[in-house]
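Q:
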Amino acid sequence: MRTGALKKTIAKSTKPRTVAEYLAAAPTDKRAALTKVRKTVKGAAPNATEGISYGIAGYKYKGRPLLYFGYAKVHCALYGGIGSVIDAHAAELKAYDVSKGTIRFTADRPLPDRLVAKLVKARIAEIDKAG
Numbered sequence: 587m588r589t590g591a592l593k594k595t596i597a598k599s600t601k602p603r604t605v606a607e608y609l610a611a612a613p614t615d616k617r618a619a620l621t622k623v624r625k626t627v628k629g630a631a632p633n634a635t636e637g638i639s640y641g642i643a644g645y646k647y648k649g650r651p652l653l654y655f656g657y658a659k660v661h662c663a664l665y666g667g668i669g670s671v672i673d674a675h676a677a678e679l680k681a682y683d684v685s686k687g688t689i690r691f692t693a694d695r696p697l698p699d700r701l702v703a704k705l706v707k708a709r710i711a712e713i714d715k716a717g
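The numbering used here applies: residue 587 is where the sequence shown begins, and numbers increase by one.
1) Report the option in Thr688, Lys616 and Cys662 whose CA atom is closest to the CA atom of Ile668.
2) I need the boundaries of the alpha helix (DSSP H) containing Val660, first residue and last residue.
3) Answer with buried or exposed for Gly666, where buried requires no fewer than 16 other C-beta atoms within 10 angstroms of its C-beta.
4) Along the chain, where does the beta strand (DSSP E) containing Gly644 start, and where does it finish?
5) Is the beta carbon of Lys601 closer than 8 Å to that of Gly641?
6) Roughly how many angstroms separate the alpha carbons of Ala703 and Glu712, rounded to a whole number?
7) Compare the C-alpha of Arg617 against each of Ala631, Phe655, Thr635 and Glu636 and name the closest.
8) For a quick check, are the C-beta atoms of Val627 and Ala634 less than 8 Å apart?
9) From the DSSP secondary-structure annotation, give me the bridge partner or partners of Arg650.
10) By Cβ distance, which residues of its chain are closer than 7 Å to Ala631, with the 5 residues on each side in sequence left out?
11) Within 8 Å of any Cβ in chain B, is that where the Cβ of Ile642 sits?
12) Over what stretch of residues does the alpha helix (DSSP H) that includes Ile672 continue unbroken?
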């Protein structure tokens, strides 16, 4: 096995430990879309902690899941405890593939920053209200 091929095999079998590693492993187009999501979440929730959970990037706020984001072969997505937030913003999300707790989008049609910030702030309000 060539050295380059071995490095690729090792890289694929290594699970990311940080969000930066997770994004670095993403395909270029998805990486750009998810990097924007990351920047928007950090701006909307500066007190949230960032990490890897369930093999994808995630944020916790006051120790509770805020949201997660990830990518698959044909889409990117927001996941997590956002089901009620999705319901409350259904009209703004009608252009996206939405299911219970998941918002799917593509790299060429990413979620607008303002909408991501709005969803994050709504989720923070839910967590604050719950105590």
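For each residue, glycine too, the CB sits at the ideal point set by N, CA and C.
Nothing here was measured: the structure is a model prediction, and the numbers come from that model.
A: According to the structure shown:
1) As a working note, residue 668 is residue 82 in the sequence shown. Of the listed residues, the one whose Cα sits closest to Ile668 is Thr688.
2) For the purposes of this step, residue 660 is taken as residue 74 along the sequence shown, with counting starting at 1. Val660 -> no alpha helix (DSSP H), and no H or E assigned at all.
3) In the sequence shown, residue 666 corresponds to position 80, counting from 1. Classification of Gly666: buried, given that the 10 Å Cβ count is 16 or more.
4) In the sequence shown, residue 644 corresponds to position 58, counting from 1. From DSSP, the beta strand (DSSP E) with Gly644 extends over Ile642 to Tyr647.
5) Position 55 of the sequence shown holds residue 641. Position 15 of the sequence shown holds residue 601. With a cutoff of 8 Å on beta-carbon distance, Gly641 and Lys601 are scored as near each other.
6) As a working mapping, residue 703 is identified with position 117 in the sequence shown. As a working mapping, residue 712 is identified with position 126 in the sequence shown. Their Cα atoms are separated by approximately 14 Å.
7) In the sequence shown, counting from the first residue as 1, residue 617 sits at position 31. Answer by Cα proximity: Phe655.
8) In the sequence shown, residue 627 corresponds to position 41, counting from 1. In the sequence shown, residue 634 corresponds to position 48, counting from 1. It is a contact, given that the beta carbons lie within the stated cut-off.
9) As a working note, residue 650 is residue 64 in the sequence shown. Answer by DSSP bridge pairing, in chain order: Tyr647.
10) Numbered from its first residue, the sequence shown carries residue 631 at position 45. For Ala631, where only same-chain residues beyond five positions count, the Cβ hits under 7 Å are Tyr645, Tyr647, Leu652, Val706 and Ile710.
11) In summary, chain B is missing from the structure at hand, where a single protein chain is found.
12) Here the question's residue 672 lines up with position 86 in the sequence shown. From DSSP, the alpha helix (DSSP H) with Ile672 extends over Gly669 to Ala674.
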